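Structure first, then comments.
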Amino acid sequence: MPALSDAERDEFRDSARRLLADRSASGQVRALLDDETGFDRSLWSSMAELGWFAIHIGESHGGMGASYGDLAVILHELGRQVTPAPVLGSVLVGAEALIRSSNEGLAAELLPGVASGEIVLAAALAGESGSHAPDRLTVSCTTAGPTVLDGVARFVLDAHVADHLVIAAANGEGGVTLAVVDRSAPGVTVEVEPSFDRTRRLARVTLDQVAVDDARLLGRPGADRALFERLVAVGAIGAVCDAVGAAERVLEIANTYAKERFQFERPIGSFQAVKHHLANMLVDVESSRAAATIAIDALDGGDDPRSAAAIATSFAGPACTRVAHTAVQVFGGIGFTWEHDAHLFLKRVRLDEALFGTPAWHRQHLAAELLDGEPSV
Amino acid sequence: MIDELKALDGFRDDVRSWCEQHVPPGWREAQAGADHRQFAEFHRWWGAELRDGGYFAPHWPTELGGGGFDLLQQVILFEELARADAPRNSLYQVALYNAGPTIIHAGTDEQKAKFLPDIVQGAVWCQGFSEPNAGSDLASIETRAVRDGDEYVVTGQKVWTSMALEADWCILLVRTDPTAPKRKGITYLVMDMRSQGIEIRPIKQSNGQSEFCETFLDEVRVPVAYRLGAENDGWGVTNSTLASERGVVIVELAERLRRNGLGAFIDAVRTWTDEAGRPMSSDAGVRDLVARRHAETAVLRQLLLTMVTNIVRRGGVGNEASIVKLVYSELLQGLMNDATSLQGLSGQIERPPVMSAGWETGDWMYDYLNSFAWTIGGGTSEIMRNIIGERALGLPREPGVA
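As you go down the protein sequences, you meet chains A and B in turn.
Quick note on the working numbering: the first sequence kicks off at 5 and runs consecutively.
Quick note on the working numbering: the second sequence kicks off at 148 and runs consecutively.
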């Protein structure tokens with residue numbers, strides 16, 4: 005897919021930043037924290053009008069046919085403003101399931117709606133324990149005959165506002181089936197669980213003997229393990245983009261504060277103890293941006309993104325958390341309050357870090373590649 | 148970026164086949180335990196090989212005798228030299244990456260004509276900046292230069308002058324105005340190392356080597372014609388040198404760290420056993436560590452590619468150079484530290500060090516000791532954090548630091 009030019013991308017970034025500064029400022033985000041759904045449909049429509057959801061979706065499905073790198077610009081900006089909006093779950097992971105599906109009819113039916121914002125998707129890729137390992141999924145599917153899904157998926161990002169759910173189910177024989185289920189279908193229950201980051205919601209999805217027509221399967225029953233792993237990797241990459249945006253912005257806010265806050269008759273940022281915190285935060289932000297670039301380049305280069313996703317998320321997850329964590333320390337007492345925005349960033353990046361597999365789990369994948377096969381050189 | 152590098156595949160092929168023909172097999176074995184003279188001899192030979200191949204001064208314009216390579220070609224050259232495990236061109240680093248660029252930047256036409264062709268022909272340069280009382284606070288140097296007609300008379304002591312025993316020339320910071328604020332009284336000179344009044348004493352380092360020296364100057368006469376920039380303007384001239392020191396050199400070092408540091412670490416972990424005799428590669432903690440260093444190495448490489456991309460596409464280097472210096476130094480040291488720790492007792496037996504292998508000799512404890520050259524030299528990691536804080540983030544300076 006041809007990417008936008010550098011100049012076009014800069015322009016795109018600027019317009020996204022302007023819209024979100026205006027419509028997703030701290031007060032507006034905070035109002036949504038206490039809202040039951042936490043979803044600003046009018047902002048969603050404005051994003052759709054600007055074409056944000058159509059960026060990387062193919063032109064034949066109502067998209068612009070640009071690159072993942074271009075969509076990453078939006079994910080980054082949403083992270084900067086800790087904006088509540090189901091872009092990661094719907095436009096990145098949900099759409100990815102359809103884009104890579106062998107079920108052309110289903111892709112043709114749903115992708116144009118995802119691109120226009122009229123359809124919202126959510127992807128249920130974790131079992132009850134929060135694990136994304138295929139054998140630890142807790143939705144089961146039948147191995148023969150018509151597909152029936154049964155069980156529970158947890159930590160489903162923004163499932164409560166989704167129209168359709170992409171469900172990953174284990175067939176008990178090591179195979180994974182991916183199916184699209186209507187959120188309002190009989191036997192489907194979506195309950196939001198209380199979570200620390202209220203800018204996104206995590207839902208528990210219960211499926212009680214839900215029969216799925218073959219036309220709603222993304223591939224052949226039990227044959228979707230590779231696609232499932234790709235979706236987890238793509239989700240992890242998206243979470244990194246979000247976290248880098250959030251870390252970049254909280255550093256800016258902490259840096260401004262360190263210049264304005266006086267103690268001992270001088271700005272606290274003149275003390276090396278504080279200055280070095282901020283320098284380390286910038287190193288972490290720039291390194292995490294590089295980590296995100298590695299993963300996005302792998303996606304756009306058509307490579308299997310799993311290794312790059314593991315590098316990016318295992319590095320940038322903890323690094324972005326360190327940035328938001330250290331920001332709280334720089335703010336001092338005010339950073340410990342609900343009133344100050346620091347906790348919004350800290351909670352956002354902590355969820356990003358955990359959302360599609362822990363850093364340690366991703367490192368296990370890397371270690372297996374590096375140590376278990378034949379020596380690479 | 149990837150596309151731009153791919154477009155140079157032909158250039159890459161040329162470098163690769165040159166390396167296949169010219170990198171001497173077995174040089175590591177031959178350099179194990181080499182003494183200072185054998186080290187210098189080997190480097191003069193390798194420098195000549197590179198010169199014949201057109202790779203000695205890759206970053207300089209062809210009219211100065213350089214390779215005329217653009218930044219991307221330099222990236223490829225360094226990747227390929229690392230890939231072929233070529234010896235580093237260490238003897239000429241100050242000449243090529245510090246002295247040369249400063250002369251190009253601040254020198255007069257006469258100075259360029261005098262010094263640059265010599266550099267390309269293999270003159271060795273050293274750097275006389277640090278002093279016993281001027282380390283991180285470089286601007287507090289005390290070495291005095293007093294004008295006497297068309298010469299300066301220089302007296303003082305320099306320290307950490309690398310390759311001083313081999314050097315033909317020295318870039319030197321001296322104090323010409325002791326009454327001015329400390330950054331305003333410094334002058335930048337070029338000193339002939341054969342001058343009367345220079346005494347060099349090697350410093351034995353913690354790893355047993357003597358790459359660095361103390362240099363004592365007793366009324367050394369330096370022609371005014373060898374002054375770079377204006378009198379008392381040496382601080383500004385210096386900063387251009389330090390910036391170039393941290394630029395493209397790191398591309399080569401990072402690539403060598405990736406191949407010879409991380410790669411050797413992974414190979415070692417695959418062969419080592421733990422105290423119970425189990426393969427170390429099956430230990431969950433070790434596996435986590437290997438993956439962590441692998442990811443960090445990939446990130447460093449991407450940081451450099453991003454820096455190079457910004458220079459190529461947007462025409463300038465910002466504060467990335469300080470960031471990559473810090474990241475490189477700490478990764479190098481962290482990797483050597485991890486490997487030394489995992490290796491346990493067998494890593495505590497000293498072997499003759501492999502000279503000319505740069506920062507990855509394959510002997511982890513030796514490389515660990517040597518890694519402090521990076522976290523301390525060229526601006527300590529703490530000074531790097533000050534620079535990042537003050538230049539990139541715009542934070543106020545520590546009070547009392549002028």
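Just so you know, even glycine gets a beta-carbon here, dropped at the ideal spot from N, CA and C.
Everything numeric in this text was worked out from a predicted model, so none of it was measured.
| Asked | Found |
| --- | --- |
| Could you please tell me which residues of the region 239-273 of chain A, in chain order, have their CB closer than 7 Å to any CB of chain B? | Asn-259, Ala-262, Lys-263, Arg-270, Pro-271, Gly-273 |
| Along chain A, in chain order, which residues have C-beta atoms closer than 9 Å to that of Thr-453 (chain B)? | Glu-290, Arg-293, Ala-294, Thr-297 |
| Just checking: is the beta-carbon of Leu-370 (chain A) within a distance shorter than 8 Å of some beta-carbon in chain B? | yes |
| Among A:Arg-204, A:Gly-131, A:Ser-106, which residue has its Cα nearest to the Cα of Asp-94 (chain A)? | Before going further, note that residue 94 (chain A) is Ser rather than Asp in the sequence given. Checked all of A:Arg-204, A:Gly-131, A:Ser-106; the closest Cα to Ser-94 (chain A) is A:Arg-204. |
| Could you check how far apart the C-beta atoms of Gln-178 (chain B) and Ala-504 (chain B) are, in whole angstroms? I think they sit under 8 Å. | 7 Å |
| Using the rule of at least 16 other Cβ atoms within 10 Å of the residue's Cβ for burial, across every protein chain shown, is Ile-272 (chain A) buried or exposed? | buried |
| If you compare alpha carbons, which of A:Leu-24, A:Gly-178, A:Arg-220, A:Leu-359 is closest to Ala-320 (chain A)? | A:Leu-359 |
| Measuring CA to CA, which of A:Thr-325, A:Leu-282, A:Gly-55 is closest to Leu-348 (chain A)? | A:Thr-325 |
| Any contact between the region 526-544 of chain B and the region 509-518 of chain B? By contact I mean 3 or more CB pairs, one from each, below 8 Å. | no |
| Phe-335 (chain A) CB to nearest chain B CB: under 8 Å? | no |
| Tell me whether the beta-carbon of Asp-232 (chain B) lies closer than 8 Å to the beta-carbon of Asn-517 (chain B). | no |
| Please check the pair Val-97 (chain A) and Phe-57 (chain A), which I expect to be a contact at CB under 8 Å, by giving their CB distance rounded to whole angstroms. | With 8 Å as the limit, Val-97 (chain A) and Phe-57 (chain A) do not qualify as a contact, their Cβ atoms being about 13 Å apart. |
| At least one CB of chain B closer than 8 Å to the CB of Ser-135 (chain A): is that the case? | no |
| Can you tell me the Cα-Cα spacing of Asn-280 (chain B) and Arg-291 (chain B), whole angstroms? | 14 Å |
| Taking only beta-carbon positions, decide if Arg-140 (chain A) is within less than 8 Å of chain B. | no |
| Using the Cβ count rule (16 or more neighbours within 10 Å means buried), how would you classify Lys-279 (chain A)? | buried |
| On the three-state DSSP scale, how would you describe His-369 (chain A)? | helix |
| CB-CB under 8 Å to Leu-219 (chain B), same chain, minus the five flanking residues each way: which ones, in chain order? | Glu-151, Leu-152, Leu-155, Val-455, Val-459 |
| Would you check if there are 3 or more beta carbon pairs closer than 8 Å linking the region 254-265 of chain A to the region 309-320 of chain A? | no |
| Spatial neighbours of Phe-159 (chain A) within its chain, please: C-beta separation below 6 Å, excluding the five flanking residues on both sides. | Ala-130, Gly-134, Leu-206 |
| Taking only three categories from DSSP, how would you classify His-206 (chain B)? | coil |
| Whole angstroms is fine: what's the gap from Gln-168 (chain B)'s alpha carbon to Glu-196 (chain B)'s? | 11 Å |
| Less than 7 Å between C-beta atoms, sequence neighbours within five positions excluded: which residues of the same chain meet that for Asn-466 (chain B)? | Ile-535, Arg-538, Ala-539 |
| Rounded to whole angstroms, what's the CA-CA distance from Glu-392 (chain B) to Val-300 (chain B)? Just pull it up for me. | Here the model assigns Glu-392 (chain B) a pLDDT of 49, short of 50, so the residue's position is not dependable, and the following value carries that caveat. If I take the Cα positions, the gap works out to 28 Å. |
| For Tyr-202 (chain B), which residues from the same chain have a beta carbon less than 7 Å from its beta carbon, with the 5 sequence-adjacent residues on both sides left out? | Gly-214, Leu-224 |
| Only counting the same chain, and skipping five residues up and downstream in sequence, which positions put a Cβ closer than 8 Å to that of Glu-477 (chain B)? | Thr-522, Ser-528 |
| Assuming Val-306 (chain B) and Glu-378 (chain B) form a contact by the criterion Cβ under 8 Å, report the distance between their Cβ atoms to the nearest whole angstrom. | Their Cβ separation, rounded to whole angstroms, is 24 Å, which puts Val-306 (chain B) and Glu-378 (chain B) out of contact at 8 Å. |
| Use the C-beta contact count for Leu-238 (chain B): other C-beta atoms within 10 angstroms, 16 or more gives buried, fewer gives exposed. | buried |
| Taking a contact to mean a Cβ-Cβ separation below 8 Å, would you say Val-214 (chain A) touches Val-192 (chain A) in this structure? | yes |
| Identify the continuous alpha helix (DSSP H) that holds Arg-169 (chain B) and give its terminal residues. | This sequence places His at residue 169 (chain B); Arg is not what is there. Taken as a continuous stretch (DSSP letters only), the alpha helix (DSSP H) holding His-169 (chain B) covers 156-169. |
| By alpha-carbon positions, which one of A:Leu-303, A:Ser-291, A:Val-334 ends up nearest to Ala-262 (chain A)? | A:Val-334 |
| Buried or exposed: Gly-376 (chain B), going by 16 or more other Cβ atoms within 10 Å of its Cβ? | buried |
| Given a cut-off of 8 Å on the beta-carbon distance, is the pair Leu-286 (chain A) and Leu-542 (chain B) in contact? | no |
| Please look up how many angstroms separate the CB atoms of Leu-114 (chain A) and Leu-182 (chain A), rounded, as I've assumed it's under 8 Å. | Incorrect: roughly 13 Å between the Cβ atoms, too far for contact. |
| Name the two residues that bound the continuous beta strand (DSSP E) containing Lys-305 (chain B). | 298-309 |
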